[in-house]
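Peer 1: The structure under discussion is supplied below as structure tokens; questions concerning it will follow.
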Amino acid sequence: MKNLATAALLTCFPALVFAGGHGSLGGHGTGVTIDTHVMEGKTGGLVMQTTQDVWIWDNPPEGFPAASTATCNQYIAFGATPQPIGGTFVCRSVDPDGDVTLNTGAFQPDGSAMITSIAATGKWAAYVGASWIGKTTIQAGENGTVYTFTPTN
């Protein structure tokens, strides 16, 4: 099952995070896995990973931070092979000004992640309902990743 956790890191984890974003509010981020739990079943398994992330915004609007931190939990399902069969995640962030974001998402068949802001306060509140496509750009070993996030709306 350790191989499943490794496969999850290399296949799914990478491209998933970020808060709020309309129009051109995209960016890139880094994630470091700080905890992993594996549940084994007869026909597959589940992996839960927790990451600490830094989101760096491209051209943030005036009054928005250039970067913020987040904690994310990914839940990845595996069948009989080490290839993931599905997954979801939740990312939560309090930016340097104290504004909150809560994002959810799902891994896509092409290896990307669809992310949606489901709750936010302060300057991020206008971004509830916004979504992005996240893609891994660099896999830094088993525990680190660099990714981009591009707005879809």
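Just so we're aligned, residue 14 is where the sequence shown starts under the working numbering, counting upward by one.
Beta carbons are placed, not taken as given, at the ideal position from N, Cα and C, and that holds for glycine.
This structure is a prediction, so every number in the text was calculated from the model and none was measured.
Could you give the DSSP three-state label for Lys136: helix, strand or coil?
Peer 2: It is helical.
Peer 1: Kindly identify the DSSP beta-bridge partner or partners of Thr43.
Peer 2: Paired residues: Val67 and Val159.
Peer 1: Quickly, what does DSSP pair Asp48 with across the bridge? List them, please.
Peer 2: Thr63.
Peer 1: Just the C-alpha distance for Thr163 and Gly39, rounded to the nearest angstrom, thanks.
Peer 2: Each residue's Cα considered, the two are about 5 Å apart.
Peer 1: Just to confirm my understanding: we take Gly82, look at its own chain, exclude 5 residues before and 5 after, and list those with CB closer than 6 Å. What are they?
Peer 2: The residue asked about is misnamed: residue 82 is Thr in this sequence, not Gly. Here the set comprises Val67.
Peer 1: What did DSSP end up calling Gly111 once you bin it into helix, strand or coil?
Peer 2: In this structure, Gly111 counts as coil in the three-state DSSP scheme.
Peer 1: Could you give the distance in angstroms between the alpha-carbon of Leu59 and the alpha-carbon of Pro122?
Peer 2: If I take the Cα positions, the gap works out to 18 Å.
Peer 1: Provide the residue span of the beta strand (DSSP E) that contains Gly142, from first to last.
Peer 2: Here Gly142 belongs to no beta strand (DSSP E), and DSSP marks it neither H nor E.
Peer 1: With DSSP collapsed to three states, give me the class of Pro74.
Peer 2: Residue state, collapsed to three classes: coil.
Peer 1: For Met127, collect the residues of the same chain with a Cβ closer than 7 Å to its Cβ; drop the 5 residues on either side in sequence, then sort them by chain order.
Peer 2: Excluding positions up to five away in sequence, the list reads Gly118, Ala119, Gln121, Ser144 and Ile146.
Peer 1: Would you decide whether His50 is buried or exposed? Buried here means 16 or more other CB atoms lie within 10 Å of its CB.
Peer 2: Exposed, by the Cβ-count rule.
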